[in-house]
Amino acid sequence: MVHISDGILSLPVLAAGWAITIALIAVTLWWSKRKGSIIEEIPRLSVMTSAFFVASLLHIAIGPTSVHLILSGLVGIILGILAYPAIFIGLILQAFLFGHGGVTVLGVNTVNLGVPALVAYGIFKAGNKLIPSESITSKAVLGALAGGIAVALAVALTAGSLCTLGKEYTWAIKALILYHIPIIVIEAVIVGSVVAFLVRVKPELIGSLGGDRK
Amino acid sequence: MRDAITVRNLSYTYPDGTKALEEISLEVHEGERVAIIGPNGAGKTTFLLHLNGILHGTDGQVEVFGKSADKEKREDIIKDVGIVFQDPDDQLFMPTIFDDLAFGPINLGLPEEEVRERVEKALLTLGLSDYENRCPHHLSYGEKKKAALAAVMSMEPKILVLDEPTANLDPRSRAELIEIIKGLNEREGITIVTATHDVNAVPELADRVYVLNKRITAEGTAQKIFSDVELLKETDLEVPEVFKLFEVLQCFGYNCEELPLSIDDAIEHLTRTVENEGGHIHLHIHKHTHDEVKKLKSKYEHHKTNK
Amino acid sequence: MRDAITVRNLSYTYPDGTKALEEISLEVHEGERVAIIGPNGAGKTTFLLHLNGILHGTDGQVEVFGKSADKEKREDIIKDVGIVFQDPDDQLFMPTIFDDLAFGPINLGLPEEEVRERVEKALLTLGLSDYENRCPHHLSYGEKKKAALAAVMSMEPKILVLDEPTANLDPRSRAELIEIIKGLNEREGITIVTATHDVNAVPELADRVYVLNKRITAEGTAQKIFSDVELLKETDLEVPEVFKLFEVLQCFGYNCEELPLSIDDAIEHLTRTVENEGGHIHLHIHKHTHDEVKKLKSKYEHHKTNK
Amino acid sequence: MIEYPEIDRYASLDSPMHRFDPRAKIIAFIFLIFSVVLIPDLKIAFIGLFFAIFLLILSRIPIFFVLSYMKWVAMFVLSFFIILAFTFPGEELAKFYFLSVTAEGLYTGSLITIRAFSAIILIFPMIGTMRFDTTIKALDRLKVPNSLVQILMFTYRYIFVFVDEFQRIWTAMESRGFKLRTTLYALRTIGNAMGMLFVRSYERAERVYQAMRSRGYTGNPKTLVEFEIRMKDYLLAVSIIGFAISLHVVSFVGVV
Ligand SMILES: Nc1ncnc2c1ncn2[C@@H]1O[C@H](COP(=O)(O)OP(=O)(O)OP(=O)(O)O)[C@@H](O)[C@H]1O
Ligand SMILES: Nc1ncnc2c1ncn2[C@@H]1O[C@H](COP(=O)(O)OP(=O)(O)OP(=O)(O)O)[C@@H](O)[C@H]1O
Ligand SMILES: [Mg+2]
Ligand SMILES: [Mg+2]
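Residue numbers (my numbering), protein chains in the order written: chain R, 1 to 214; chain V, 1001 to 1307; chain P, 2001 to 2307; chain U, 3001 to 3256.
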C-alpha cells in the first residue's frame, strides 16, 4: 500500500515530509484565498473530500489480495490545487479512523499522494489546452493518463522515501513497486471512466474548486 | 395458487448489532399485490433486500418460487425478483437512460440483440421512448422514478418489489406511477410487493397488507387492518382519509359494515347503500353522535397525545 | 397587517440557462401561513432560496419586512428568515446536535450565555432535550427533520420557510411535525411559508395557497384553489381526499357551498349542515347523480388520461 | 461492503484515559507516538510496546476491537518483515533452498514491526477514548489552523452520509446482477458509479453551502466546548512525555 506505516522511516525523512506538507498546505490555501473566498470553498471542499474518502474505501480484489483505490489523480483533476489539503485531511482520517498509515508519517504520505495529485491536475489542464477537442474519448484518455501517472508517481515517491533507509531495503522496495503495477492500470481505467462520466453529466464539476470557478 | 415468495422465521441483525427483523413469516402468492406498512425504521427496506438475496437473514429462510434465496446461485433469484429502490438516484448511474436500462440484461449475460429488445420494450411500457439518449441525472424527479422502474423492468422480473414508489412525487407523477404499477400486475401478471408510508395509495396498490414493526404485527385486507383500532394505536399507523371520513359518517348514523378505502370504493358504497336502504340515506345527530365523534377524533389524534 | 414578505416581478435563471422563475409577485402578511404548491421542477425550492438572499433574482425584488433582500446586509435578512431545507442531512453539518443548534446564534454574534439559552429553548420546543449531545448520523429520519427545524428555530426567526416538511416521514412523525409547526405559528406568531406536495397537509399548514409553475398561476384560500377545476387540470394538482369525497356526497344530494378540506372541517361541516337542515341530511340517487359522479371521476382522473 | 468509521465505539466507557483532558491527552500521546516510532533498539522497542499495551488496558478498550483495526498496518509491516528477513544482508541463520534468513534482517524486521504496532495501539487510548467530535474540538483548542479544523469536521460528518449513499448505489447495482470483478467492464461500471457519487456530492456540497450561509456562516464557526484541565491532567501528560523521553535517553546511554 502506498500509505507507509509508522515506525519505518527515520526522523529526518519524517521531518522533511511534515515541512513540505505544511508549506504546500499553506501555499495552496493562500493561493485559493487569493483567487476567491476560502469561506465559500470550505463547505464544498469538505463535502467533496468526504466523497473521495468514501470512494477510496472501495476494495477491489486482485488475485488473493484486495487493493483499495488511491484516486489521488482524480482528486487533483476535480479539486485542483486544493487537492493537497484535501488529501491531507483524508489521510488524517484514514490514520485516525481506520488505522491506515500512521500519525508520524502523515507528512510524508501527504507528499507522496498530494504531489502526484497536483501533477495530475497539471497534466489534465495542460492536456486540455494542448488538445482542445471536446470529445469525450479524448478527455477520458487524458483522465486515464493523469490518473495512471499519479499512481505511478505516488509509488515512485513512496519508493523514494523508503530508499532513504539504505540499500538493504532494495528488495522490499522492488516488491512494493511490483505490487502496484496492476493498481496503476486499474486506477487509470477507473479515473478515465469517471472523467468520461463527468464530462457528459456534470462538466462544471471538473476543476470546480480552488479558484478555477468563474 | 403457487407461492411466489415464502418467508419462514426470518431474522436479521445488522453487523453493528441493530436488530432489524425478528422472525418474519409471510407468503405472497403469484400474481398477488401485497403492501408492507410500518413506521420509520420498522425494517421495511431491510426486509425487501432479503427478497433477492442481497441480504441474508441471520436466521430463517426466504424462498422464491420454491427456490431458496440463500443457497441457489443469486443470479437465478435476481432474474425473478426486481427491486425498485426508493431514491431513483441510487439506481440510475449510467450516462444515458439506454445504458441504465441495458445494465441489468447485460449483467444477466444476454446477447446484444435481446438486450436491445428488452430495453425497447421497457421504454415503451413506461412511456419513455423519447428519453433513450437522455442523461437520467437531468430528468425531473417523476421521470427518474419511471426510469428506475424501467431499468428493473428490462430484466423482466416475475416479482416486482417497490420501496416507497410514491414518495416525493407530485400528484400527477404519483397517479401515473400507480396506474403503471397496477397495469403491470393486471396485464402481465407480475406479482407486486410494495413498502410504503402512503396509506392513501395502499387500497390502489395492494390486495393484502402486512404490518411490519420488526416483527409482522398484523396481516389481512386493507379493510381489516385499518379497522383494527388497537393495532393502529400500537403501531402508530395512519388510515386513508376516505376511511376516516366514513367513520365520521357512521357517527352521523350512516349504516354499513365494511368501510370504503378509496374514492371509487366510496362511490360504489354510497350507491349500494342508497339502493339497499330504499332509495335514500339519512344522516342525523343522534344521542351519541357527539360522543362518538369525540372518541373518533381522539383515536386519530393518538399521534399528538402520545408525544 | 404589515407585509412580512413582498416579492415583485421576480425572475430567476440558473447559470446553465434553466429558467426557473418568471415574474413572480406575491406577498405574505405577518403571522400568516402560506403554502406554495406546484409540480416537480416548478421552481418551489428555487423560490424559497430567494427569501433570505441566498439566490438573487436576475430581475425583480424581494423585500422582507420592507427591507430589500438584495441590498441590505444579508445578516439582517438571515435573522428574520429561517429556511428549513428538505433534506435534513444538508442542514445538520456539525458534529453534534448541540453544535448544530448553536451554529446560527454564534454566527449572529450572540454572547455565549444567550447562545446556550436559545439552544435549550429550541431543544425544548421540538422535544429534543435528550438529544443535545447525539451525533446527527445516528438519528432516525424523523428525528433529523426535527433537529433541522430546531437548528433554524434557535436563530429565532420571525419567518419560517419550510421545503417539503412532511416528505418521507411516517404518519406519526408527520403528524408531530405538523403540530409543532402549527404551534409555532399560533403561540409565537411566526409567519410560515411552506412548499409541499402533500395536499392533505395543506389545509393544516396554510391559510392561503399560491400555485407555482415557473409563474404564479393562482392564489387564494385552499377552498378556492381546490374548487377551481380548470386550474387543477392545467397544473396537474391533486385535491385533499376529504374534499373529493364531499364532492361525491354533493352528487348524492348533499347540499353545501364550501366543501371541507380536513376531517375536523368535515365534522364541523356535517354538524352545521344537519342543524341547518332541520336535524337531518338526506342522501339519495337523483336524476343526475350518475352523470355527475362520472364527470367527477373523470375530473380526478385527468392524470390517467393525459398520459 | 464499506464500513462506517467507528474508532470511537468505546468512547462512552469510563477510565483514566477517558477522563484525561483531550488537549493534554493528544499532546502527550503524539509525543509518545513520535518517541516509539524512532526507538533504535529492539529491546527498548519492546518496552515501548508494553507501555502502549499497558495504556490500552488502562483505557478498557477491548483487544479484539484493536486487532480488527490493525490489519492494514499488519499487512504492510509483515510483508516488509518477511521480505527484509530474507533479503537483508548479514549473518545467515537458516536457508530454504536459495533463500536465507539473516539475523540482521530479522532484527530490523522485528524492530519495524514492533514500532509500527506500538504506534497503532497508542491511537486507541488517545482517539478511541473520546468521541471523534471531541477530538476535532480539542484540535481546534490546540490552535490547529481553523480552516483545516473546519474541513476535518465537515468531512467527518459527511463520510457517514456518503457511506450510506454509496452503499445504496452498490446495493442497487448488485440487485441488477452486477459483480465486482477485475474486468474492464466492471471497472468502467465502477467508474460510472463513482462518477455518480461525485456528482451527487457536488450537488450536496452546494446545498450544504447554502444551508450554512442561511445560518450566517462567515467562515469561522466556533464551538462551545469547555475543556477543563486539572492538575492530574498535567501530571499524567508530564509522566507520559517523561516516559517518552526516557525511552530515548536509555537507548542513547545504552543502559539496557
Ligand atoms: N446499514 C445499516 N447498518 C445498521 N443499521 C441499519 C442499517 N440500515 C438500516 N439500519 C437500521 O435498521 C432498522 C430498519 O431500517 P429500515 O431502513 O429497514 O427501515 P424502514 O422500515 O425501511 O424505514 P423507513 O420507513 O424510514 O424507510 C433501523 O433501525 C435502521 O436504523
Ligand atoms: N443548480 C441548478 N442548476 C440548474 N438548474 C437547476 C438547479 N437547481 C434546479 N434547477 C432546475 O430549476 C427548475 C426548478 O427546480 P426546483 O428544484 O426549484 O423545483 P421544485 O419545485 O422544488 O421541484 P420538486 O418538487 O421536485 O422539489 C427545475 O427545472 C430544475 O431542474
Ligand atoms: Mg425504507
Ligand atoms: Mg424542491
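All C-beta atoms, glycine included, are put in the ideal place defined by N, C-alpha and C.
### Straight-line Cα distance separating P3062/U from F3054/U
13 Å
#### Entry: Straight-line gap, G211/R to L71/R (C-alpha atoms, nearest Å)
Residue confidence is low: G211/R scores 43 on pLDDT, short of 50, so the model does not pin down where it sits. No coordinate-derived value is stated.
#### Entry: Burial state of P3040/U (16 or more Cβ within 10 Å)
exposed
### Task
Out of I3082/U, M3126/U, I3127/U, point me to the one whose CA is closest to Y3107/U's CA.
I3082/U
### Query
Are the beta-carbon atoms belonging to T1194/V and R1134/V less than 8 Å from one another?
no
### Query
Considering only C-alpha positions, which residue in the set E2156/P, L2010/P, K2182/P is nearest to P2165/P?
K2182/P
### Query
Where DSSP assigns a beta bridge to V105/R, which residues make up the other side?
Answer is none; V105/R lacks a bridge partner.
### Task
State yes or no: is the beta carbon of G3128/U nearer than 8 Å to at least one beta carbon in chain V?
no
### Below-8 Å beta-carbon distance, K2304/P vs any chain U residue
Caution applies to K2304/P, whose pLDDT of 48 falls short of 50 and renders its modelled position unreliable; the value that the coordinates give is listed next. For K2304/P, the answer is no, since every Cβ of chain U falls outside 8 Å of its Cβ.
### Task
Mind checking the region 1266-1294 of chain V against chain R and listing, in chain order, the residues whose C-beta falls within less than 9 Å of any C-beta there?
none
### Message
Does any residue of chain V have a CB that is nearer than 8 Å to the CB of V13/R?
### Response
no
### Query
Just reading off the alpha helix (DSSP H) that S3012/U is part of, what are its end residues?
Careful: S3012/U lies outside any alpha helix (DSSP H) and carries neither H nor E.
### Burial state of G2017/P, where buried means 16 or more other Cβ atoms lie within 10 Å
exposed
### Task
Kindly say whether D1236/V, judged by its beta-carbon, lies nearer than 8 Å to any beta-carbon of chain P.
yes
#### Entry: Delimiting residues of the alpha helix (DSSP H) encompassing Y3264/U
In this structure chain U extends from 3001 to 3256, so residue 3264/U is not present and cannot be described.
### Three-state secondary structure assigned by DSSP to G3254/U
coil
### Task
For D3133/U, count neighbouring C-beta atoms within 10 Å of its own C-beta (all shown protein chains included) and say buried if the count is 16 or more, exposed if not.
buried
### Query
Which term fits L1205/V, buried or exposed, when burial requires 16 or more other beta carbons within 10 angstroms of its beta carbon?
buried
### Message
For N1306/V, which residues in the same chain have their Cβ closer than 7 Å to its Cβ, ignoring the five residues on either side in sequence?
### Response
Any reading at N1306/V needs caution, since the residue's pLDDT is 38, under 50, leaving its predicted position unreliable; the model's value is listed next. Excluding positions up to five away in sequence, the list is empty.
### Message
What would DSSP say about A120/R, mapped onto helix, strand or coil?
### Response
helix
#### Entry: Paired residues, beta bridge with G1220/V - DSSP
V1209/V
### Query
Cα separation between Y1141/V and V103/R?
45 Å
### Query
Within the 8 Å Cβ cut-off, does I1263/V reach chain P?
yes
### Task
Determine, using beta carbons only, whether L3197/U comes closer than 8 Å to chain P.
no
### Message
So for L29/R, helix, strand or coil by DSSP?
### Response
helix
### Task
Output the residues surrounding ligand 2, defined as those with a CB atom closer than 5 Å to any ligand heavy atom, in chain order.
Y1141/V, Y2014/P, D2016/P, T2018/P, A2020/P, N2040/P, G2041/P, A2042/P, G2043/P, K2044/P, T2045/P, T2046/P
### Task
Quick one: grab the DSSP three-state call for A2069/P.
coil
### Task
Rounded to whole angstroms, what's the CA-CA distance from V201/R to G3195/U? Just pull it up for me.
9 Å
### Delimiting residues of the beta strand (DSSP E) encompassing Q94/R
It is not in any beta strand (DSSP E) - Q94/R instead sits in the alpha helix (DSSP H) that spans 83-98.
### Same chain, Cβ closer than 8 Å to E2234/P, five either side skipped, listed in chain order
T2217
#### Entry: Contacts of V1242/V in chain P (Cβ-Cβ under 7 Å)
E2241, L2245
### Message
Against chain P, which members of the region 1145-1174 of chain V pass a CB distance test of less than 9 Å?
### Response
E1164, A1167, N1168, L1169, D1170, P1171, R1172, S1173, R1174
### Query
Would a check of beta-carbon distances place E2023/P closer than 8 Å to chain U?
no
### Query
In its own chain, which residues sit with a C-beta less than 6 Å from the C-beta of E1063/V, not counting the 5 before and 5 after it?
T1006
### Task
Using three-state DSSP, classify T1191/V as helix, strand or coil.
strand
### Query
Of all Cβ atoms in chain V, is any one closer than 8 Å to the Cβ of E2027/P?
no
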